[in-house]
Amino acid sequence: MSRIGTGAPAIGLAAMMAFGAVQAATLDDVAKAMGAASLERIEFSGTGSFFAIGQSHRPGVDWPRMNLQSYRRTADYANAATSVDFGVTQALDPPRGGGTQPISGLQRRGGGVVGDAAWNVAGPIMVASGPAAHLHDLWTTPHGMVKAALANKAAISGNSFEVAQAGRFKARATLDAQNRVAKVESWMDNPVLGDMAVVTEYSDWKDHGGVAFPARIKQSMGGHPVLDMAVTEVKVNGAAVAKPERIVQTPIQVAVDKVAEGVWFIHGGSHNSAAIEMRDHVVMYEAPLGDARTNAVIEVIQKTIPGKPIRYVVNSHHHFDHSGGLRAAAAAGATIVTQAMNKTYFEAAYAAPRTIAPDTLAKSGKQAQFLSFEDKHVLTDGERTIEIHRLQGNLHNDALTVAYLPKEKIMILADGYSPRDPITAVATNPNPFIVNQWHEFRRLGLAIDKILPMHGRVTGLDELRMSAGIAN
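Written out as structure tokens, the structure is:
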């Protein structure tokens, strides 16, 4: 219910597939028990806990929790549309993991889909997104499952029934003794986890003018909680979901700047990368987001440094926005260089099925190759050296690594320090993740002239120092 993501152009109920075997209870019985027949749309609100998927402090542990101060979703079944708006505040003290922590005040999030337009909330603006995750969230609501199944003449087998949208998701609903949807097990594409398992539980049902709706919703993704909400208000057959007046389009743009001889900063979007030319190959730092972004970056690298293969891709940490393109780099022949605990996590994730939306690596038939290390690894061709260091005690990510070029005195890093605007004053309440980076660079004795961040712009060391709250 809380997942915001990307996918292909939107389609409605008619394009769904549904399947199952007939038994005594029918979908009409379920629709009657839930009041689904005359329901065109439903709006529900609540509070509880939200968890940032793919942003855990270390791979394999729970996603970081945030306080869900407000949540409102409209499921518009008549128009195959949905919108969600919710606000979160900082819960963990000290902050551990990503998800834009530490959060100052109330942070608004959300998104939706109407027709062929889909969007995510990014601060005060609406940014174009793919519709797949939004449509998953629409049709895996209790009444959404029933309506999707009825529209496609599904039947109940035992106490469950199934629906699917090709290329987007598949789902199975389990009924309780009162013929209401108690649980939905679904699978949707994720660039790291493949066919990612989603489990949504609906309980404590209440009547709302003939429409039954749960007062408690719990959801997990990839085996970890993402939502635990007490429903406080339900509105039946209210206003239709409206398309935002302006949705900012974000086509993939890749720009490349030469920052030193044989070193390039690759930017142009929300996430950056870097390329380092070696004697007979290229080292790529960071393969972010997913296939589309990373394949575009690879293409630019190949044009910028022709004739040399990308032999290694260095991964800063496992957070999904920073590791979602690793499989594309592996398909291009790059060995993934990552901290040891990430290797175990990625190997397990990459073994999962990828049937919903097969990616570049799945289509290639290749297997990802890994080179792992604990605290430090050095890549060299005898002329240029790249030191890869794990930062100790970083609460953003326990396996966060940076790349340092000692000859050029260049630091390449991800998250924490992400400078957009010029930094001209010492921070009075510095981000603890940045403070850790500053002190770790001092501990490691690294002489730094230039910083290439994976969010933001190239800077010198002074701006990092001021961001860390250090006067001089």
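If you read the sequence shown in the numbering used here, its first letter stands for residue -1, the second for the next number, and so on. Even glycine gets a Cβ: it sits at the ideal position worked out from N, Cα and C.
Residues near residue i in its chain [Cβ-Cβ closer than 7 Å; skip 5 each side]
i: Q251; result: G266, G267
i: M276; result: D379, R382
i: E38; result: Y75, A76, N235
i: S362; result: A329
i: Q176; result: A31
i: G322; result: P189, V190, P286, L287, G288
Assigned exposure category for residue i - 16 Cβ within 10 Å defines buried
i: E284; result: buried
i: S357; result: It is worth fixing the name first, because residue 357 is Asp in this sequence and not Ser. D357 comes out buried.
i: S0; result: Reliability fails at S0, whose pLDDT of 40 lies under 50, so the model's placement of it is uncertain and the value that follows must be treated cautiously. Burial call: buried.
i: E259; result: exposed
i: Q365; result: exposed
i: G208; result: exposed
i: I123; result: exposed
i: E438; result: buried
i: A445; result: exposed
i: R291; result: buried
i: T336; result: buried
i: A237; result: exposed
i: Q21; result: Since pLDDT at Q21 reaches only 46, below the 50 mark, its modelled position is unreliable, and the value read off the structure follows with that caveat. The residue is exposed, with fewer than 16 neighbouring Cβ atoms inside 10 Å.
Proximity of residue i and residue j at Cβ, strictly below 8 Å
i: M409; j: S314; result: no
i: N434; j: G391; result: yes
i: I386; j: A330; result: no
i: W262; j: A273; result: yes
i: F84; j: G109; result: no
i: A326; j: D289; result: yes
i: E160; j: A149; result: no
i: R63; j: S47; result: yes
i: T45; j: A338; result: no
i: A34; j: L136; result: no
i: Q552; j: G96; result: Because the chain in this structure spans residues -1 to 470, residue 552 falls outside the shown range and cannot be described.
i: V144; j: V28; result: yes
i: G128; j: A355; result: no
i: S155; j: A180; result: no
i: I384; j: L403; result: yes
i: V112; j: V239; result: yes
i: P307; j: H279; result: yes
i: L459; j: V257; result: no
i: M186; j: H134; result: yes
Extent of the continuous beta strand (DSSP E) to which residue i belongs
i: V161; result: 158 to 163
i: E372; result: Neither: E372 is in no beta strand (DSSP E) and is coded neither H nor E.
i: L225; result: 222 to 234
i: E275; result: 271 to 275
Nonlocal neighbours in the same chain, by C-beta distance under 6 Å from residue i, ignoring five residues either side
i: Q105; result: V86
i: L232; result: The displayed chain sequence assigns Val, not Leu, to residue 232. Result list for V232: F42, H206, F211, in chain order.
i: D447; result: K407
i: K216; result: E199, D226
i: G220; result: L191, M194
i: L398; result: H315, L389, N392
i: A401; result: Y283, V312, I384, I386, I410
i: Q88; result: P100, I101
i: F49; result: W61, R63, P223, V224
i: A347; result: V190, L191
Neighbourhood of residue i by C-beta distance below 8 Å, restricted to the same chain and skipping five residues each side
i: T426; result: G467
i: I245; result: A115, W117, M124, V125, A126
i: V376; result: T383, I384, E385, I386
i: A213; result: S201, D202, W203, K204, A228, V229
i: E372; result: Q337, A338, R388
Among the options, the one whose alpha carbon lies nearest that of residue i
i: L411; options: W61, G58, S271, R71; result: S271
i: P242; options: A147, V125, W436; result: V125
i: T422; options: R463, Y402, N395, R455; result: R463
i: H316; options: R309, L324, D187; result: L324
i: H320; options: R170, N395, V281, A31; result: N395
i: K204; options: A31, A346, L25; result: A31
i: S68; options: T230, L133, D60, P189; result: T230
i: N470; options: L442, R455, W436; result: W436
i: A79; options: E183, R418, T138; result: T138
i: R298; options: R309, G305, I264; result: The displayed chain sequence assigns Val, not Arg, to residue 298. It is I264.
i: F167; options: A130, P417, L66, D373; result: A130
Segment limits, alpha helix (DSSP H) that includes residue i
i: G142; result: 140 to 149
i: E345; result: 338 to 348
C-beta neighbour in chain D for residue i, strict 8 Å
i: D193; result: Here chain D cannot be found, since the structure has a single protein chain.
Near the ligand COA: residue i beta-carbon under 7 Å from a heavy atom
i: I123; result: The model on display carries no ligand, and the ligand COA is accordingly not part of it.
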